[in-house]
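These notes are about the structure you will find just below.
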Amino acid sequence: VTSLVVLQSRHFLSLLQHRVPARPPKQLDLYIGLMAAPRVFIVRHGETEWSLNGRHTGSTDIPLTANGQKRVIATGRALVGDDRLIVPHQLCHIYVSPRKRAQRTFELLNLGIPGPLPWQPHGNSLGGGLQCNAKVEITEDIREWDYGDYEGITSPEIRRMRAEQGLEGTWDIWKDGCPGGESPQDVTDRLDRLIADIRKRFHEPILNPPEGKKPHKVSGDILIVAHGHILRAFAMRWAGKTLQDGPAFLLEAGGVGTLSYEHHNIDEPAILLGGAFVVDLEEKGQ
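With the sequence shown counted from 1, adding 7 to any position gets you our numbering.
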């Protein structure tokens, strides 16, 4: 039996669109400082024509659909804000894929980056009152899986092609990789490099501060905006699972997932399946 984890659902998103009462940012900072381990938010780019058709989209640089842009804007309104899941001023670093579909998705999340982005904007800015001072970095380590000979075709077409080539059995990207592209080990190597960078630069100082030093007051939250296969692989490697043996994750176009640590321990990376709303203490009797 294949275990399955859905990192984001439309039903959960619709619930979040009913706003909870805003809490002052200082109270939110206190909550994060006392309660939450650093988190990594993974965001898949919004819908494209190829994602709609099930075509494998690696290096091909195609834009979001109009509907994809609208859905990302809705996601940003529901999940980004001082009283939301992703608190812009609590982010300490942001990684974005080199592909414009991921970069436009980041723009539409509207996090409130004050300075110029490391790419030429792909559309109009939404504006708003949020503020985020995190550095935005483009990295090849989080680009989509290189599909090689399978670029631009669907899974059924790949299986027919393999059958014509005399390759027996079904095709599983997590085990077989892509001829002319990347193997599971290739992907594992670059993701492990990125994960090690995140933990050493941003999370180790918070979770394991040097003796005699107080923990950092910042949350250490990280945002990654990229693609379906690579982010699912990232979640597996984050949890210490191989791509061949890890659980099957789903991440819809425009979906959001959360990774963190159990027991505030950097040696216990975890998938955060869901978090509860935090309410003011005076509401406890209601």
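For each residue, glycine too, the CB sits at the ideal point set by N, CA and C.
Quiz item: Could you give the residue range of the alpha helix (DSSP H) that holds Ala203?
Solution: Segment Pro191 to Ile205, the alpha helix (DSSP H) holding Ala203.
Quiz item: Just curious, the alpha helix (DSSP H) that Arg84 is in, first and last residue?
Solution: Element bounds for Arg84: Ala73 to Leu86.
Quiz item: Given a threshold of 16 other Cβ atoms within 10 Å of its Cβ, counted over all protein chains shown, does Ser132 qualify as buried or as exposed?
Solution: Burial check for Ser132: the Cβ neighbour count within 10 Å stays below 16, so the residue is exposed.
Self-check item: Three-state secondary structure (DSSP) of Thr112
Solution: Looking at Thr112 - three-state DSSP - the assignment turns out to be helix.
Self-check item: Nonlocal neighbours in the same chain, by C-beta distance under 7 Å from Asp204, ignoring five residues either side
Solution: Hits under 7 Å: none found.
Self-check item: Contact the segment 62-77 vs the segment 194-212: 3+ CB pairs below 8 Å
Solution: They do not touch, by the three-pair rule.
Quiz item: Among Asp196, Lys182 and Gly235, which residue has its Cα nearest to the Cα of Ala109?
Solution: If we check each option's Cα against that of Ala109, Gly235 comes out closest.
Quiz prompt | Host alpha helix (DSSP H) of Pro163 (start-end) | solution = Start and end: Ser162 to Glu171.
Quiz item: His236 lies in the beta strand (DSSP E); which residues open and close that run?
Solution: Not the beta strand (DSSP E): His236 falls in the alpha helix (DSSP H), residues Gly235 to Trp245.
Exercise. Could you give the DSSP three-state label for Ser267: helix, strand or coil?
Key: It is a strand residue.
Quiz item: Does Gly264 come within less than 8 Å of chain C when only Cβ atoms are used?
Solution: The chain labelled as chain C is not found in the depicted structure, where only one protein chain is given.
Practice problem: Please state whether DSSP places Ile180 in a helix, a strand or coil. | Solution: Helix, per DSSP.
Practice problem: Whole angstroms is fine: what's the gap from Asn275's alpha carbon to His210's? | Solution: The identity of residue 275 in the sequence shown is Glu, whereas the question assumes Asn. Spanning the alpha carbons of Glu275 and His210 requires a straight line of approximately 12 Å.
Exercise. Could you give the DSSP three-state label for Leu23: helix, strand or coil?
Key: Residue placement at Leu23 is flagged as unreliable, the pLDDT there being 45, under the threshold of 50; the coordinate-derived value follows with that caveat. In the structure shown, Leu23 sits in a helix (DSSP, three-state: H, G or I).
Quiz item: Can you find at least 3 beta carbon pairs, one from the segment 80-100 and one from the segment 176-187, that sit closer than 8 Å?
Solution: No contact exists between the segment 80-100 and the segment 176-187.
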